[in-house]
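Undergrad:
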Amino acid sequence: MTHALEIEGLTKTYGSGFEALKGIDLRVAQGDFFALLGPNGAGKSTTLGIVCSLVTKSAGNVKVFGYDIDTHLSDAKLHLGVVPQEFNFNQFEKVFDIVTIQAGYYGIPLKKAAVSAEKYLKKLGLWDKRNTPARMLSGGMKRRLMIARALVHEPRLLILDEPTAGVDIELRRSMWAFLEEMNRQGTTIILTTHYLEEAEALCRNIAIIDHGRIIRNTSKRELLQQLSLETFLLDAETALDNVPELEGFSCRLDDEGVLEVDVHKGQALNDVFLQLGQQGIKVVSMRTKANRLEELFIRMVEHNAPTAEETTEGRA
Amino acid sequence: MNAQALFTAYSTIVLREIRRFTRIWPQTLLPPAVTMTLYFIIFGNLIGSRIGDMGGFDYMSFIVPGLIMMAVITSSYANVVSSFFSMKFQRSVEELLVSPVPNWIILAGYVTGGMARGLGIGFIVTLLSLAFTRLEIHNLPMVVITVFLTSALFAVGGFINALLATKFDDVSIVPTFILTPLTYLGGVFYSIDMLPDFWQSVSMVNPILYMVNGFRFGILGVSDVNPFVSLGMIVIFITVLSFVALKLLERGKGIRH
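Order-wise, the sequence lines are chains A and B. Residue 1 is where the first sequence starts when you use UniProt numbering, and the numbers rise one by one after that. Residue 1 is where the second sequence starts when you use UniProt numbering, and the numbers rise one by one after that.
(1) Among the residues of its own chain, which have a CB less than 8 angstroms from the CB of Ala33 (chain B), if the five just before and after it don't count?
(2) Identify the continuous beta strand (DSSP E) that holds Ala3 (chain B) and give its terminal residues.
(3) Between which two residues does the alpha helix (DSSP H) holding Thr46 (chain A) run?
(4) What residue range does the alpha helix (DSSP H) around Gly139 (chain A) cover?
(5) Could you tell me the distance, in whole angstroms, from the CA atom of Gln200 (chain B) to the CA atom of Pro26 (chain B)?
(6) Label Asp197 (chain B) either buried or exposed according to how many other C-beta atoms from any shown protein chain fall within 10 Å of its C-beta, with 16 as the threshold for buried.
(7) Less than 7 angstroms between C-beta atoms, sequence neighbours within five positions excluded: which residues of the same chain meet that for Ser250 (chain A)?
(8) Can you check whether the C-beta of Ser58 (chain A) is within less than 8 angstroms of a C-beta belonging to chain B?
(9) Which residues, in chain order, does the segment 81-109 of chain A contribute to contact with chain B at a C-beta distance below 9 angstroms?
(10) To which residues of the same chain is Val51 (chain A) closer than 6 angstroms at the C-beta, ignoring the five residues directly before and after it?
(11) Report, in whole angstroms, the separation of the C-beta atoms of Ala148 (chain A) and Leu171 (chain A), which I expect to be a contact under 8 angstroms.
(12) Bridge partners of Met54 (chain B), per DSSP?
(13) Short of 9 angstroms Cβ to Cβ, which residues in the segment 115-138 of chain B face chain A?
(14) With burial defined as no fewer than 16 other Cβ atoms inside 10 Å of the residue's Cβ, what is the status of Tyr184 (chain A): buried or exposed?
(15) For Arg216 (chain B), count neighbouring Cβ atoms within 10 angstroms of its own Cβ and tell me buried if that reaches 16, exposed if not.
(16) Please return the same chain residues whose Cβ sits closer than 8 angstroms to the Cβ of Asn90 (chain A), not counting the five positions on each side in sequence.
(17) If you measure between the beta carbons of Phe96 (chain A) and Ala117 (chain A), is that distance less than 8 angstroms?
(18) Thr311 (chain A): buried (16+ other C-beta within 10 angstroms of its C-beta) or exposed?
(19) Answer yes or no: does any C-beta atom of chain A fall closer than 8 angstroms to that of Ser82 (chain B)?
(20) Using alpha carbons as the reference points, say which of B:Phe243, B:Ser191 and B:Glu250 lies closest to Gly56 (chain B).
(21) At 8 angstroms on the CB atoms, spell out the chain B contacts of Ser74 (chain A), in chain order.
(22) Could you give the DSSP three-state label for Asn90 (chain A): helix, strand or coil?
(23) Give the range of the alpha helix (DSSP H) segment to which Glu222 (chain A) is assigned.
(24) Quick check: what's the CA-CA separation for Gly252 (chain B) versus Thr56 (chain A)?
(25) Applying a beta-carbon distance threshold of less than 8 angstroms, which residues of chain B neighbour Ser53 (chain A)?
(26) Give the range of the beta strand (DSSP E) segment to which Asn161 (chain B) is assigned.
(27) For Gln102 (chain A), tell me which candidate among A:Asp168, A:Glu8 and A:Ala150 has the shortest Cα-Cα distance.
(28) Strictly under 8 angstroms for the Cβ-Cβ distance: is Thr22 (chain B) near chain A by that measure?
(29) Starting from Ser242 (chain B) and walking both ways along the alpha helix (DSSP H), at which residues does that stretch end?
(30) Assuming Thr126 (chain B) is part of the alpha helix (DSSP H), what are its boundary residues?
(31) Below 8 angstroms on the Cβ atoms is my contact criterion, and I expect Met211 (chain B) with Thr150 (chain B) to pass it. Report the Cβ-Cβ distance as a whole number of Å.
(32) Can at least three beta-carbon pairs, one atom from the segment 266-278 of chain A and one from the segment 241-255 of chain A, be found at a separation below 8 angstroms?
(33) Going along the segment 13-26 of chain A in order, which residues come within less than 8 angstroms of chain B, judged by CB to CB distance?
(34) Which residues, in order along the segment 272-290 of chain A, keep a beta-carbon less than 9 angstroms from a beta-carbon of chain B?
(35) Please confirm whether Gly49 (chain A) has its beta-carbon closer than 8 angstroms to some beta-carbon of chain B.
(36) When the Cα atoms are used, what is the spatial distance from Ser202 (chain B) to Phe84 (chain B)?
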C-alpha cells in the first residue's frame, strides 16, 4: 500500500552552512495519526516545511501518496493540508474569504468552496465569525481558522505544526476531539507538538528527531513499553506523617504529604494497594508523577545530546 | 490541475487583488487622482498657458498623455510590489506556496491585479483631464495596446522588486530613485527635441521614453520616437522581465528558505 508520506535520505543545509537535516528516512502509513517530536531546532519544522514546499531540500526524496515532489509536485500538493506553527493569513481579510480564497488556489470554484468553508467553519465554531477580519479573532480562533483553511480542499494528509501552542486546555481538548474525528474519517494526520501528553493522547506512531536525525521511529505502544520505571502519586484519605513500609517498592513523601511510589516494569500496582490496605491506609486518588512519554523523550534526547566537540563544531 | 482549475486559481488571485486595492481606495485610488489634478492645474493651466505650444500642441494637451501614462506606470508597479511584499511580510504568501498553483499563474494573477489598478487609475486620470482639455484620440488601437503593455511591464517589474525585497525600504527604493526620475526624464513634460544632442541620445536609453511617446502618438499623433519601435521595446522588456520573474519564483527567491 502506498504510504501517505515517504521520506528518504532527506538533507537540508541552509545558506549559513547550518545542517538542519542529516539524512532523514520516514514513512507514515495511510490513516495514521503520527507525531514528529523533538526539541527546539531539532529539524521538525524544516522536515515538514520541505514536504509542504515552504523549504527547499538539499538532497533526498519526498513522496506524498506516491507523488514525488520533484516530478509531481502539483499532485502531491493537492493531497496536502498544512497548519503552520505561526499565523500566516492576511490579518485584514475576513474569515470566510481566507478559507474560500485558499480553496480557489486549489482550483475549487467559489460555490463549491463556500459549501466546504461553511462545513469546516461550523465544525470549528467559527461560523459566527465568518465576516470578522482575522485580526479581530482571539489566538485560539486564529488557530482554528488555520485548521479550517487547511481542510477546505479535503486533503488526505493533514500536517499540523504545533497546532495547540498557546491554546487553553478546554479548547485544546476540543481540538483534539476534532482531529480524532478527522482521523477516524480517514485523514492521515502528522503533528509536531511540545505537549507530549498531546502526542500520547492522540498518536499511534511516533518519531523523535534530534540534531537533524531520527533517533527513534516506532509505535507509541512499543515506545511506552520501554519505560522501565514509573512514579505514581497516591493521595491518602488522611495525610500521612510517616513513610509507610512497602516491601519491594521504593517510596517517599513529598512536601505536601503525598506518597510517591516507584513501580518498576513487571511489578503490580495491586501489591502497593494491598500493602497500604494492610497498614490501614486508604488511597483516594492516584496519578503518574510525569507524563510517561515526556520521561522517555527527555531520556532519549539527553542520551543523544551532542558532545562538547560537536557543539563547538556547530557554532564554528 | 486542469484548465478550469487553473482559471479558478488565476481569477482567485486577480479578484483578491482587486478587492484589496478597492478596499483601501483612499490609499490606492485617491492619491494619484489628487496628484494628477494638481499637475493639470499647476503645469497645464497656470504654467502651461505661459509656455505656449509643445510639439505643435498647447502644453496642456501635450502633457496629458504623459501624465496618464505616469499614473498607470506608478500604480501598476506599486500595486504588485506592495501587495506581494506585504504577503511575504505577513507570511500569507505561504497560502500560495503550499497550494498547487503553478508559478506562471501566480505571476499572471499578480500582473493582472496590478494592471487592473494601473488601468483603473489611467481611466480616472483620463476622465479628470477632460475637465481641462479636449482629448481627440488619433489612433485608438495604439492607445489601448501601449497602455495595456506598459501596465503589464511595470506590474512584472513590481513583482520582481517584491521578490527581491527583504524590508519595506527595498519596496520604496526602486519607485523613488529609479522609476520617478526615469518617468520625469521620459518626456512627460517636454519633447526631447528641446534637449542638446548628447542628452537626446542619453534619453533614448530610457525605456519610459518609448512608452510615453507611444501613448502620446496614439492620442496626439506625434512622437519623439517611432511608435512601433516603442511597442517592440515594451514587448521585449515584458518578455525578459517575465522570464526573470519566473526564474526567481522557481528558485524560491525571497519566498522559500
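Note that the Cβ used here is the ideal one computed from N, Cα and C, for glycine as well. Note that this is a predicted model, so its numbers are computed, not measured.
TA: This is what the structure gives:
(1) Taking the first residue of the second sequence as 1, we reach residue 33 (chain B) at position 33. Correct list, in chain order: Ile121, Ile124, Val125 and Leu128.
(2) Counting from one through the second sequence, the residue named residue 3 (chain B) turns up at place 3. Ala3 (chain B) -> not in any beta strand (DSSP E); alpha helix (DSSP H) instead, spanning Ala3 to Arg23.
(3) Stepping through the first sequence from its first residue, residue 46 (chain A) is reached at position 46. Its alpha helix (DSSP H) spans residues Lys44 to Val51.
(4) For the purposes of this step, residue 139 (chain A) is taken as the residue at position 139 of the first sequence. Unbroken alpha helix (DSSP H) run through Gly139 (chain A): Gly139 to Leu151.
(5) In the second sequence, residue 200 (chain B) corresponds to position 200, counting from 1. In the second sequence, residue 26 (chain B) corresponds to position 26, counting from 1. Between Gln200 (chain B) and Pro26 (chain B), the C-alpha separation is close to 38 angstroms.
(6) Translated into positions along the second sequence, residue 197 (chain B) becomes position 197. Label assigned to Asp197 (chain B): exposed.
(7) If you number the first sequence from 1, residue 250 (chain A) lands on position 250. Closer than 7 angstroms at the Cβ level, and outside the excluded window around Ser250 (chain A), lie Asp262.
(8) Taking the first sequence and counting its residues from 1, the one referred to as residue 58 (chain A) is at position 58. No, Ser58 (chain A) lies away from the interface with chain B (no Cβ there is under 8 angstroms from its Cβ).
(9) Gly81, Val82, Pro84, Glu86, Phe87, Asn88, Phe89, Asn90, Gln91, Phe92, Glu93, Asp97, Ile98, Thr100, Ile101, Gln102, Ala103, Gly104, Tyr105, Tyr106, Gly107, Ile108 and Pro109
(10) Taking the first sequence and counting its residues from 1, the one referred to as residue 51 (chain A) is at position 51. Only Val62 meet the Cβ criterion.
(11) Position 148 of the first sequence, counted from the first residue, corresponds to residue 148 (chain A). Position 171 of the first sequence, counted from the first residue, corresponds to residue 171 (chain A). Not a contact, Cβ separation roughly 14 angstroms.
(12) By one-based count along the second sequence, residue 54 (chain B) stands at place 54. Partner(s): B:Phe57.
(13) none
(14) Here residue 184 (chain A) corresponds to residue number 184 of the first sequence, with the count starting at 1. According to the sequence provided, residue 184 (chain A) is Arg. The question's Tyr does not apply to it. Arg184 (chain A) is exposed by the Cβ-count criterion.
(15) For the purposes of this step, residue 216 (chain B) is identified with residue 216 of the second sequence, where counting begins at 1. Arg216 (chain B) should be labelled buried.
(16) Against the first sequence, residue 90 (chain A) aligns to sequence position 90. Within the same chain, Asn90 (chain A) has close Cβ partners Ile98 and Ala134.
(17) Counting from one through the first sequence, the residue named residue 96 (chain A) turns up at place 96. Counting from one through the first sequence, the residue named residue 117 (chain A) turns up at place 117. Yes.
(18) Taking the first residue of the first sequence as 1, we reach residue 311 (chain A) at position 311. Confidence is the limiting factor: at Thr311 (chain A) the pLDDT is only 41, short of 50, which leaves the residue's position unreliable, though a coordinate-based value still follows. Label assigned to Thr311 (chain A): exposed.
(19) The residue given as residue 82 (chain B) occupies position 82 in the second sequence. No - not a single Cβ of chain A is within 8 angstroms of the one on Ser82 (chain B).
(20) Taking the second sequence and counting its residues from 1, the one referred to as residue 56 (chain B) is at position 56. Checking every option, the nearest Cα to that of Gly56 (chain B) belongs to B:Ser191.
(21) Sequence index remark: in the first sequence, residue 74 (chain A) carries index 74 (1-based). Correct list: Met1, Pro100 and Pro102.
(22) On the first sequence, residue 90 (chain A) is found 90 positions in, with the first residue counted as 1. Of the three classes helix, strand and coil, the one that applies to Asn90 (chain A) here is coil, per DSSP.
(23) Taking the first residue of the first sequence as position 1, residue 222 (chain A) is located at position 222. Here the alpha helix (DSSP H) through Glu222 (chain A) covers Lys220 to Gln225.
(24) If you number the second sequence from 1, residue 252 (chain B) lands on position 252. If you number the first sequence from 1, residue 56 (chain A) lands on position 56. Each residue's alpha carbon lies about 8 angstroms from the other.
(25) Reading the first sequence from its first residue, position 53 is the one you call residue 53 (chain A). Ordered by position in chain B, the residues that pass the 8 angstroms Cβ test against Ser53 (chain A) are Leu97, Val98 and Arg256.
(26) Position 161 of the second sequence, counted from the first residue, corresponds to residue 161 (chain B). No beta strand (DSSP E) holds Asn161 (chain B); the alpha helix (DSSP H) holding it covers Leu140 to Leu164.
(27) As a working mapping, residue 102 (chain A) is identified with position 102 in the first sequence. Of the listed residues, the one whose Cα sits closest to Gln102 (chain A) is A:Ala150.
(28) What you label residue 22 (chain B) is simply residue 22 of the second sequence in a count that begins at 1. Not one chain A Cβ lies under 8 angstroms of Thr22 (chain B).
(29) For the purposes of this step, residue 242 (chain B) is taken as residue 242 along the second sequence, with counting starting at 1. Here the alpha helix (DSSP H) through Ser242 (chain B) covers Pro227 to Arg251.
(30) Your numbering for residue 126 (chain B) matches position 126 in the second sequence. Unbroken alpha helix (DSSP H) run through Thr126 (chain B): Asn103 to Ser129.
(31) If you number the second sequence from 1, residue 211 (chain B) lands on position 211. If you number the second sequence from 1, residue 150 (chain B) lands on position 150. Confirmed, Cβ separation roughly 4 angstroms.
(32) yes
(33) Tyr14
(34) none
(35) Residue 49 (chain A) sits at position 49 when you count from the first residue of the first sequence. By this cut-off, Gly49 (chain A) is an interface position.
(36) For the purposes of this step, residue 202 (chain B) is taken as the residue at position 202 of the second sequence. For the purposes of this step, residue 84 (chain B) is taken as the residue at position 84 of the second sequence. First, the amino acid is wrong: residue 202 (chain B) is Val here, not Ser. Taking the straight line from one Cα to the other gives about 33 angstroms.
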